[in-house]
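In the UniProt record's numbering, the protein residues as written are 1 to 916.
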C-alpha cells in the first residue's frame, strides 16, 4: 500500500472485503470494507472438495455399481440417468442415482485411486459455479471472490506437459437442465473422470459419453433391502415382496416405507392396505422423519421435474398429458391413446401455462370442440416428459410405447381436485374408445387396451357411470374379452357391469338394459344357450315395457332371443321368430338398414338348420343380390354373404363347387380386406374344409396347418378361431389316415379349450365329441364309448336331456358299445334312445329313423335275426313313405332286410356236419 494512503476502514486481521475488489499480480485493488478470507496456499493432495452424501443405511449393491466402474475405468465422462426398458420408468427421480454416484466416489477415494475428488451440487448454474469456485479456492489458493475462479479450476483440470498428473473425479449431482453445463463441463483428461447424475435424457447430456441407466430395484434386490431395513418385522417374504410390488420397487419409496413401518410398528399388511386405499393420498403414507438424509417425501419428488417440463415447448402441455397418462396403465399405454382427438381436446382445455389461450369451458360428455392442440404437439409433449424421465417411451413397441411409474401416477392423481380427476378420467376413457379398432385383429393391442381400461376403472370407476350412463369403454372391454375367446371372462365382466349399472342408474335405464343384453349375448356364446334364451325372453319384456316394441334395442333383443332358441335346439322356432322380426324391421328401419340385412342373414342360417336347405339357398342368393345393390360388390358384408352361399352349396353336397366359390372369394377378400383380415382367414378355413370334403384330405390338412400358423400370429394362440383351426388340422390328419394322431391332437386341444373357454362352451363340448369319435376310428371302441359317456354328462347339464346333441351323443354311446362287443347292451341303449327320439322329434324325423336302423342291426348282432329282419322291413316301409323310394337311406335299408332274413333262415335250419 502506498505511503500515506488513508484507511477508510479497519478490517479484522487476515480479512478483506468489498463489492469491488480485484486481485491482480498479488495486489488487491479496490475498497477494503468487508470480511472475505484472503488467499491461502493450495491444498496438498489427496484432497476432497465438497461433501459426499452419506451412504444409505441399507445401501443395496446393484449391477449398476459394476457397470459404472467399468464405464469410468479408463477415464472419461459418465452420465448416470435412469434405465431403459427393464424398469417401469426411465430416468425417474428416486431410483438412487445419487447413492450410486456417492458409492462410486467413496470407494475410489478410500481405495486411494484419486488425488482430488470434487462433489458438486449441480441443480443450477450458480450452484455449479459456486462449487467450482470453492474447488479453486482450496486447490489453487485463489480468492473466492474472483469471478474467474471457476474457469481457473476447469483450466487446472486440463492435463499439462511436464506437470505431475492428477487423478481427479468431478461429480456433478442432480443436473436439472443440460444448458446449465454449457461452458462448465470438466475437460477430457486421461487421468480425470467426470460423473453426472440427472433425470434428464437429452442428447446434449449423453452424446459422446457413457450412459449408465439406473432402474428400480429388481424383485430380489427389493426383498433383500426390506429384509435388512426391517430386522424386527416378522412378515413373510411373500408379504415383503408384495409391499415391494405395491411400491413399484422404487428405492426411495422402499426406504420411506421401511422408516414408516419402523416408526409406527405397523404391520406390513396394514401399510399395504393404506397404499391400496385410493382415497388415501401418497403423502399420508410417508414417515414423520425422512431416512438417509432425504429432502423430499416420495409424493413431492417429481413436482419440480413436472414444473420444468411444463415450461418447455409445447408450453403448458406436459403436465396435463402426464395427468392423462396417470389415469391409465403404468405398464404400457399406446402412443395413439395419448395423441387421439379426445386426448388433444383435453390438452387444449387444460393447458397449465398462464400464457396459453384459455379455452371455453366445456362440461364432460359434451360434444368435442374445435381441436386447437395438434397431434404433433401431443407427441412433442411426450418427448418432453421422456427427457425429464417422467415417462419411459419406446416407439418401437407402439402398443406399450408409454410407461409411467405407478407412484408417479399416484402422486399426480393425488394432486388433482375432484373435478379435475373427473374430467381427466373421462378424457382417458374417451381416448381409449377412440382408438379401439372395430375389428380386433391385433390381440396384443386388444390386451393392452383392456389393461388400460382396467387401470382407469380401478381408480375412477364412478366417473364411468356418470353423465350419460355407462361409458362405452366398459362395454368395449367386455366385447373385446369375448371376441378374443375369453367368453367366460366376458360373462363375468358384464355381470359386474350390469350389477353396478342397476344400482347406480336404475333397472329401467336404457344403458342398464343394453348391458344386460350384452350379458345375455355372451352367456349364450359361453355355451349356455338355454339360459341365454330364458334371460333374453325376460329382458325383452323389460325392454318392451321401457323402450317400446319398435326401439332398435328391443328389436336387437328379439334377434338374440331367436338366435339362442335356435342354439338351444329349436331351429324351426328360431327361423319363425326371425321371419316375424324381419317384417317388423323392414317396417321400422327400412329394407336396406344394416340391422335388417343382418336379420335376413340370420334367417337364412336358421332356415338351413331347420332343414329347409332349398329355401335357405334361394334366400341366400336373393340376399346376396340385395347386398350387392345396396352395399356394393366389395363391401365386407356382401363378401360374407358370398361365403354363406358357397357354404350352403357345399353342405348341399357340392363340395368341389363350394371350394371353387371360396377360392374366388378369397382372391377378392385378399385384394379388398388384406391377408390378415378375420374374414379372409375365415374364407381360407372354409376353402380348406371343402377341399377335404371333396376328397383331398391331405391337401386340406396342409392348408389348415398353414392357416394355423397365420391365425396364431394374427389372433393369438387361445383365440377361438385359432383353436378351431387346430381342430381341423387334427380332423383332416385323421381323414388322411392317421386316426390315432387325430385322437391325440384332439385330446391336447380339449385341454386348451377347457382352459381358454371353460368346460361348458360349445366348442369344448364339440372337442370332447371329436376325441371320442377318433378314439373309435383308431380302433379303441371301448375308449370311444367311455368318452361319449363322459360327453353326455356334460351336454345333459349344459343343454338338457332332450337337446339334439344329447340324443346324438347317447346314440354314439350305444354304437360304440356294440362295436366293443356288447351287442345286447347296445340294443338296449338304442331302444331307450328310440323312445326319447319319438317323444322329442316324432316318428318320422330322420334321426328317429336312423335310431330304428341301428336298433335293428344290434338286435340281429345280439342273436335276434328274426327281430332284426322284421324291424328292417318296417323301417323300409316308413322310409319309402317319408323319404321316397330312391332316397339313399331307403336304398341302404333294402339289403339289410334281405341279409337278416337270410340269417334268420340260416339260424333256424338244422345244423349238419359240414355246417358244424
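Glycine is no exception: its CB is placed at the ideal position from the N, C-alpha and C atoms.
Can you give me the Cβ contacts of residue i inside the same chain, cut-off strictly under 6 Å, excluding the 5 residues immediately before and after it?
| i | result |
| --- | --- |
| residue 365 | Unreliable placement is indicated for residue 365, whose pLDDT of 40 sits below 50; no coordinate value is reported for it. |
| residue 483 | 440 |
| residue 917 | One cannot answer for residue 917 here, as it falls past the ends of the chain, which runs 1 to 916. |
| residue 512 | 501, 502, 505 |
| residue 373 | 344, 347, 348 |
| residue 644 | 620 |
| residue 463 | 422, 425, 426 |
| residue 722 | 711, 712, 715 |
To which residues does DSSP link residue i through a beta bridge?
| i | result |
| --- | --- |
| residue 392 | 403 |
| residue 121 | 173 |
| residue 142 | Bridge partners of residue 142: none, in fact. |
| residue 546 | None, per the DSSP bridge assignment. |
| residue 879 | According to DSSP, which records beta bridges pairwise, residue 879 is partnered with nothing at all. |
| residue 49 | 118 |
| residue 333 | 402 |
So, at 8 Å on beta carbons, what are the nonlocal neighbours of residue i in its own chain, with the 5 sequence-adjacent residues on each side left out?
| i | result |
| --- | --- |
| residue 45 | 115, 116, 166 |
| residue 272 | 239, 242, 243, 246 |
| residue 361 | Only weak support is given to the placement of residue 361: the predicted model assigns it a pLDDT of 40, under 50, and the question is left unresolved by the model. |
| residue 638 | 624, 627, 628, 631, 632 |
| residue 184 | 125, 128, 129, 132, 150, 154 |
| residue 269 | 235, 239 |
Near residue i, what residues of its chain come up, given a Cβ to Cβ distance below 7 Å and the 5 sequence neighbours on each side ignored?
| i | result |
| --- | --- |
| residue 865 | 900, 903, 904, 907 |
| residue 412 | 322, 323, 326 |
| residue 370 | Its pLDDT being 49, under 50, residue 370 is placed unreliably in this model, and the value from its coordinates should be taken loosely. So no residue of the chain qualifies. |
| residue 58 | 225, 228, 229 |
| residue 250 | 94, 95, 216, 405, 407 |
| residue 508 | 546 |
| residue 659 | 687, 690, 691, 694 |
| residue 590 | 596 |
| residue 767 | 727, 746, 749, 750, 753 |
| residue 665 | 639, 642, 643, 646, 683 |
| residue 759 | 794 |
So residue i packs on residue j, CB below 8 Å; how close in whole Å?
| i | j | result |
| --- | --- | --- |
| residue 649 | residue 661 | 6 Å |
| residue 852 | residue 871 | 7 Å |
| residue 568 | residue 539 | Not confirmed; about 16 Å, so no contact. |
| residue 315 | residue 452 | 27 Å between Cβ atoms; not a contact. |
| residue 153 | residue 179 | So it is not a contact: roughly 20 Å between Cβ atoms. |
| residue 573 | residue 565 | 5 Å |
| residue 575 | residue 603 | 6 Å |
| residue 701 | residue 732 | 4 Å |
| residue 784 | residue 772 | 5 Å |
| residue 922 | residue 518 | Here the chain has residues from 1 to 916 only, and residue 922 is not among them. |
| residue 150 | residue 133 | 5 Å |
| residue 897 | residue 890 | The pair is not a contact, with the Cβ atoms about 11 Å apart (cut-off 8 Å). |
| residue 339 | residue 379 | 6 Å |
| residue 560 | residue 521 | 6 Å |
| residue 724 | residue 763 | 7 Å |
| residue 497 | residue 473 | Their Cβ separation, rounded to whole angstroms, is 11 Å, which puts residue 497 and residue 473 out of contact at 8 Å. |
- At a cut of 8 Å, does the segment 687 to 701 reach the segment 643 to 659 through at least three beta carbon pairs? Short answer: they touch.
- Task: Pair every Cβ in the segment 696 to 716 with every Cβ in the segment 743 to 753, then say whether three or more of these pairs are closer than 8 Å.
- Result: Contact between the segment 696 to 716 and the segment 743 to 753 is absent: fewer than three C-beta pairs spanning the two stretches fall below 8 Å.
- Is it true that the segment 141 to 151 meets the segment 161 to 179, where meeting means three or more beta-carbon pairs spaced less than 8 Å apart? Flag = no, the segment 141 to 151 and the segment 161 to 179 do not touch.
- Examine the Cβ distances between the segment 596 to 604 and the segment 572 to 583 and report whether three or more of them are shorter than 8 Å. Yes, since at least three Cβ pairs between the segment 596 to 604 and the segment 572 to 583 fall closer than 8 Å, the two stretches touch.
- Three or more C-beta pairs below 8 Å linking the segment 369 to 389 and the segment 190 to 205: The segment 369 to 389 makes contact with the segment 190 to 205; the number of CB pairs closer than 8 Å reaches 3 or more.
- Query: What residue ranges within the segment 488 to 554 form continuous alpha helix (DSSP H) runs of no fewer than 4 residues, ordered along the chain?
  - Reply: Within the segment 488 to 554, the complete alpha helix (DSSP H) runs of at least 4 residues are 510 to 525, 529 to 547.
- Item | Stretch-stretch touch, CB-based, cutoff 8 Å, three pairs: the segment 835 to 842 with the segment 871 to 891 | Contact fails: fewer than three Cβ-Cβ distances are below 8 Å.
- Item | Every unbroken alpha helix (DSSP H) within the segment 682 to 719, with a cutoff of 4 residues, ordered by chain | Runs of the alpha helix (DSSP H) inside the segment 682 to 719: 697 to 715.
- Is there contact here, the segment 58 to 68 with the segment 97 to 111, by at least three beta-carbon pairs under 8 Å? The segment 58 to 68 is in contact with the segment 97 to 111.
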